[in-house]
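Input: a single structure, listed below in structure tokens.
There are 2 protein chains.
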Amino acid sequence: MAVTDTAIEAIKQMIVSGELQPGDRLPREADLAARLGLSRNSLREAVKALALIRVLEVRQGDGTYVTSLDPALLMETMAFVLDLQQDASVLEFFEVRRILEPAAAARAALRMPDTEVTAMRALLDDLGEDPSADDQLACDVEFHRLLAIGSGNRALASIIESLRQPTYRARIWRGLTQTGAVHRSLAEHRSILDAIAAREPEVARAWATVHIAGVERWLNEMVSPEPAAAPAVLRTASAASPRPTIRPIRQRL
Amino acid sequence: MAVTDTAIEAIKQMIVSGELQPGDRLPREADLAARLGLSRNSLREAVKALALIRVLEVRQGDGTYVTSLDPALLMETMAFVLDLQQDASVLEFFEVRRILEPAAAARAALRMPDTEVTAMRALLDDLGEDPSADDQLACDVEFHRLLAIGSGNRALASIIESLRQPTYRARIWRGLTQTGAVHRSLAEHRSILDAIAAREPEVARAWATVHIAGVERWLNEMVSPEPAAAPAVLRTASAASPRPTIRPIRQRL
DNA sequence: TGGTCCGGATACATCGGACCTATCAGGGGT
DNA sequence: ACCCCTGATAGGTCCGATGTATCCGGACCA
Chain A
1 MAVTDTAIEA
11 IKQMIVSGEL
21 QPGDRLPREA
31 DLAARLGLSR
41 NSLREAVKAL
51 ALIRVLEVRQ
61 GDGTYVTSLD
71 PALLMETMAF
81 VLDLQQDASV
91 LEFFEVRRIL
101 EPAAAARAAL
111 RMPDTEVTAM
121 RALLDDLGED
131 PSADDQLACD
141 VEFHRLLAIG
151 SGNRALASII
161 ESLRQPTYRA
171 RIWRGLTQTG
181 AVHRSLAEHR
191 SILDAIAARE
201 PEVARAWATV
211 HIAGVERWLN
221 EMVSPEPAAA
231 PAVLRTASAA
241 SPRPTIRPIR
251 QRL
Chain B
1 MAVTDTAIEA
11 IKQMIVSGEL
21 QPGDRLPREA
31 DLAARLGLSR
41 NSLREAVKAL
51 ALIRVLEVRQ
61 GDGTYVTSLD
71 PALLMETMAF
81 VLDLQQDASV
91 LEFFEVRRIL
101 EPAAAARAAL
111 RMPDTEVTAM
121 RALLDDLGED
131 PSADDQLACD
141 VEFHRLLAIG
151 SGNRALASII
161 ESLRQPTYRA
171 RIWRGLTQTG
181 AVHRSLAEHR
191 SILDAIAARE
201 PEVARAWATV
211 HIAGVERWLN
221 EMVSPEPAAA
231 PAVLRTASAA
241 SPRPTIRPIR
251 QRL
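Which chain is which? The protein sequence lines are A and B, in order. The opening residue of the first sequence carries number 1 in the UniProt record's numbering; numbering runs sequentially from there. The opening residue of the second sequence carries number 1 in the UniProt record's numbering; numbering runs sequentially from there.
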């Protein structure tokens, strides 16, 4: 393995092993380079790479720190990747969301504490009658975030959060072009929450599916604007089906 | 913005604008550094960062290339990030797998080409009567890989692949301690494949759920070895709910 | 003719050191 | 008690040199 890659792995292990905790400061570049047995230049390449994916944060004149490692931070990496994705692949991300979010909603119906349910209700109520586009978006993001966390599964929550990032832009788009969608989306949020409050996992799952599928359908029509012969949910399948030979997943590191 | 960050953004824009297409080769480091007006060292930091997230691929003695930018490739970054999620226990990862793999199996029943089904059948048949532990494991990994790809959704497939990494060790464990599990696992693989061949998505989904839940149940008993009062699928929910108890099994490799 | 081997050209890999710049902690003046 | 200046410190950038993997074309041989 290359020296720089070794350094990346070494720093990663220092974090995983607990030697470096979130917020901790790394040894200065010169010292860490000496400890790892490589030059400062090579170490800097490793640090830069880890900084790009928000694992490290460098502050000139101060030092290099481990970030909070919060999923919200790490998912920013996905935003970077988003810019490089074609429209067609966005549909694939959406389909995964259509799998995960209903599952999260169903679990939230079983596991979310009553206090959290109340908090989510307040979130929706606070939005008022005629919210601005920004408020609407902020509320939507927060609603889905709380819903994901409410599943009681942090891994599930952070994956959903990561996937929301790539579809973020599409949602903004949607809010601007489809005015009616604003109210419908809000109503669907309430329906999901009602089902959770009633501890009805299957109802929550169904409403979540409807909610995601609505956005997905709209996006689908944007990408391939021919008249729909089949429901959007099915058309996604056929769109992904021909599937130009999957490239082998390359070696990591 | 720092010089290196400028370089990252510049390269990204070269890709977004189409100047650099997937598979294209970048100018040599010295030339690109001159063109961007920075030193080779700084450029190398930028290239290293983009290589870590699988946007670029560097080949010593050859050159630096833009990757396929395939969603599956880009999502590998998630596996890296997932390793750093120390709070999430293995059980939580397993639960996500229990959501995704059945969904992938159901989609494979609808979308996987007959030729692929045949290939998977051959994979299982080639294993013979009394396979070694290594062969068993290799077959298991490959089966799930093909199943995920068979879903026709590259993003879904790569997320499943990412999730398998953290649970890899657990599977080895299982193979060594539970001899009976080997044959049962193989039989379940056949059942899943039969359902796909019959184009029965719900049956495929059910068998995949059973398959994952089996491993999950075993793992669950390893962690909290009290006698089971409820089915494993339900106990997982309650076990994950209080949620601090389980010591996360960190570290891959 | 076809295949093999070898060396030069090329491009990335790594290093050590020099110098610039941002930040922070103290000391001293008001 | 407050503000400003300054030195120590840590990252930011650059240069030049050398190591190493890869590719390619020509010499060589069956």
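A virtual CB, placed ideally from N, CA and C, is assigned to each residue, including glycine.
Per DSSP, the continuous beta strand (DSSP E) segment holding residue 57 of chain B begins and ends at 56-59.
DSSP places residue 150 of chain B within a helical segment (H, G or I) once states are collapsed to three.
One alpha carbon belongs to residue 44 of chain A, the other to residue 8 of chain B, and they sit about 15 Å apart. Under the 8 Å criterion on CB atoms, residue 220 of chain B is classed as non-interfacial with respect to chain A.
Residues of chain A whose Cβ lies closer than 9 Å to the Cβ of residue 85 of chain B are, in chain order, 69, 71, 74, 154, 155 and 158. The segment 109-136 of chain B contains no complete beta strand (DSSP E) run of 3 or more residues. Assigned with DSSP and collapsed to three states, residue 37 of chain A falls in coil, not helix or strand. The shortest C-alpha to C-alpha distance from residue 203 of chain B to any of B:191, B:161 and B:152 is the one to B:191. If you check the CB distance, residue 156 of chain B and residue 104 of chain B come in under 8 Å. Under the Cβ criterion (8 Å, minimum of three pairs), the segment 112-129 of chain A counts as touching the segment 146-153 of chain A. For residue 135 of chain A and residue 101 of chain B, the gap between their C-alpha atoms comes out near 36 Å. Using a C-beta cut-off of 8 Å, the segment 16-33 of chain A makes contact with the segment 52-69 of chain A, since at least three inter-stretch Cβ pairs fall below that distance.
Collapsing the DSSP output to three states places residue 23 of chain B in coil. A direct Cα-Cα distance of roughly 28 Å separates residue 33 of chain B from residue 36 of chain A. Taking the beta carbon of residue 44 of chain B as reference, the chain A residues within 7 Å of it are 45, listed in sequence order. CA-to-CA, the gap between residue 58 of chain B and residue 109 of chain A works out to about 48 Å. Going by DSSP, residue 6 of chain B is part of the alpha helix (DSSP H) stretching over 3-16.
Of all alpha-carbon atoms in A:208, A:186 and A:185, the one lying nearest the alpha-carbon of residue 196 of chain A is that of A:208. In the DSSP assignment, residue 67 of chain A falls outside any alpha helix (DSSP H) and carries neither an H nor an E. The beta-carbon of residue 143 of chain B is placed no less than 8 Å from the nearest beta-carbon of chain A. Residue 206 of chain B has its alpha-carbon roughly 19 Å from the corresponding atom of residue 93 of chain B.
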